[in-house]
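This report concerns only the one structure given below.
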Amino acid sequence: MPADLIFRLPPSFDTVEEERRHRKERLAAALRIFGKLGFEEGVAGHITARDPERTDHFWVNPFGMSFKHVKVSDLVLVDHRGTVVEGRYPVNQAAFVIHSTIHRARPDAVAAAHSHSTYGRALSALGRRLEPITQDVCAFYQDHTLFDDYTGLVTDLEEGERIAAALGPHKAVILRNHGLLTVGSTVDAAAWWFITMERSCQVQLLAQAAGPTVPISPENAALTYRQIGNDLAGWVNYQPLHDQIIREQPDLFD
1 MPADLIFRLP PSFDTVEEER RHRKERLAAA LRIFGKLGFE EGVAGHITAR DPERTDHFWV
61 NPFGMSFKHV KVSDLVLVDH RGTVVEGRYP VNQAAFVIHS TIHRARPDAV AAAHSHSTYG
121 RALSALGRRL EPITQDVCAF YQDHTLFDDY TGLVTDLEEG ERIAAALGPH KAVILRNHGL
181 LTVGSTVDAA AWWFITMERS CQVQLLAQAA GPTVPISPEN AALTYRQIGN DLAGWVNYQP
241 LHDQIIREQP DLFD
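Counting along the sequence shown from 1, when you hit position 85 you're at 85 in full-length UniProt numbering, and nothing is skipped either side.
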């Protein structure tokens, strides 16, 4: 590749303060994107980013605030007990229960995203996984699971631990009768996996409603996964969406 071509890669940081600010900016931007894409359902839904210094703490959107309005200054820092350490708003109890257990079980996961998006909920109601029927969905080939249970709102840590166990080492889990959850080594990757997973749910529902689908062979699905299923690919795919939202809504950095 010629040296003068622009190809962005995830940044590195000289100080923990710089990295914290970066994660918070990406988190606020991801929430704005989720709002723009219509992933809100009342007060349900949350994206979290692990603090780079206090690694048993995470940043999360404030309870009761629209994704479309969240600014960096609105984000809430929560410790491993669910106590708000920084911020002016309470935290969604389900956000703490689900995300604290996932961040604890998955030290590689910097970020986690969960929302009650329309097509994710629709596929979850069928109790099915995604099938390898398009190139894009192969990013999840043998790298997502189904939490095949529903017992009401997730308000206790035991339920959160069951979800984390179902997720295992994978990038995503379909929560039956509930919605989607994704994780990533960056906020960008976790957000992208959620966005493309939601779209893949939509495509699968549309295709299966139209007639029998033609699956991609296991060999080619596995090959495509190796090409597009890593977190760097997720980060790269997310950048156009991030660029759009910061141009449209620069107030998110306030």
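Every residue, glycine too, gets a C-beta built ideally from N, C-alpha and C.
How would you label residue i, buried or exposed, when you count the other beta carbons within 10 angstroms and need 16 or more for buried?
i, result
"Gly45", "buried"
"Ser217", "exposed"
"Asp254", "exposed"
"Ala164", "buried"
"Gly120", "buried"
"Phe13", "exposed"
"Glu53", "exposed"
"Ala109", "buried"
"Tyr150", "exposed"
"Gln204", "buried"
"Arg32", "buried"
"Ser66", "exposed"
"Thr83", "exposed"
"Gly160", "buried"
"Thr186", "buried"
"Ile228", "buried"
"Leu252", "buried"
"Leu241", "buried"
"Val214", "exposed"
Let's see if you can read the secondary structure: which residues bound the beta strand (DSSP E) around residue i?
i, result
"Leu175", "172-175"
"Leu146", "144-147"
"Val97", "Premise fails: Val97 lies in the alpha helix (DSSP H), 93-105, not in any beta strand (DSSP E)."
"Val76", "76-78"
"Thr48", "46-50"
"Val60", "58-60"
"Ser12", "Looking at the DSSP string, Ser12 is not in any beta strand (DSSP E), and its letter there is neither H nor E."
"Ser115", "111-115"
Quick check on this structure: which residue in the options has the alpha carbon closest to the alpha carbon of residue i?
i, options, result
"Gly35", "Asn177, Val187, Leu181, Lys68", "Lys68"
"Gly234", "Glu219, Met197, Asp188, Pro90", "Asp188"
"Gln202", "Gln239, Arg129, Thr186", "Arg129"
"Ala94", "Val60, Ser117, Pro52", "Val60"
"Ser117", "Arg199, Pro11, Ala190, Pro10", "Arg199"
"His22", "Arg50, Phe7, Val43", "Arg50"
"Ala191", "Tyr225, Glu131, Asp231", "Asp231"
"Leu212", "Gly87, Arg106, Pro107, Glu131", "The residue asked about is misnamed: residue 212 is Pro in this sequence, not Leu. Closest option to Pro212, Cα to Cα, is Glu131."
"Thr224", "His178, Val137, Gly87", "Val137"
"Ala105", "Gly87, Thr55, Leu126", "Thr55"
Mind checking whether residue i and residue j have CB atoms under 8 Å apart?
i, j, result
"Ile133", "Ala209", "no"
"Pro62", "Asp74", "yes"
"Ala29", "Ile245", "yes"
"Asp143", "His99", "no"
"Phe147", "Arg176", "yes"
"Val183", "Ile102", "yes"
"Thr48", "Ala112", "yes"
"His57", "Leu77", "yes"
"Arg8", "Gln239", "yes"
"Leu167", "Ile174", "no"
"Val72", "Glu25", "yes"
"Met197", "Ala221", "no"
"Val70", "Leu157", "no"
"Gly64", "Val85", "no"
"His178", "Ser115", "no"
Following the continuous alpha helix (DSSP H) through residue i, name the residue where it begins and the one where it ends.
i, result
"Gly234", "231-248"
"Glu86", "No alpha helix (DSSP H) contains Glu86, which is instead part of the beta strand (DSSP E) from 84-86."
"Ile33", "16-36"
"Ala122", "118-126"
Could you check if residue i belongs to the surroundings of the ligand COA, using beta carbon to heavy atom distance under 7 Å?
i, result
"Glu198", "What this structure holds is no ligand at all, so the ligand COA is not there to describe."
- request: Could you pull out every unbroken beta strand (DSSP E) segment of at least 3 residues lying fully inside the segment 163-234, listed in chain order?
  value: 172-175, 179-184
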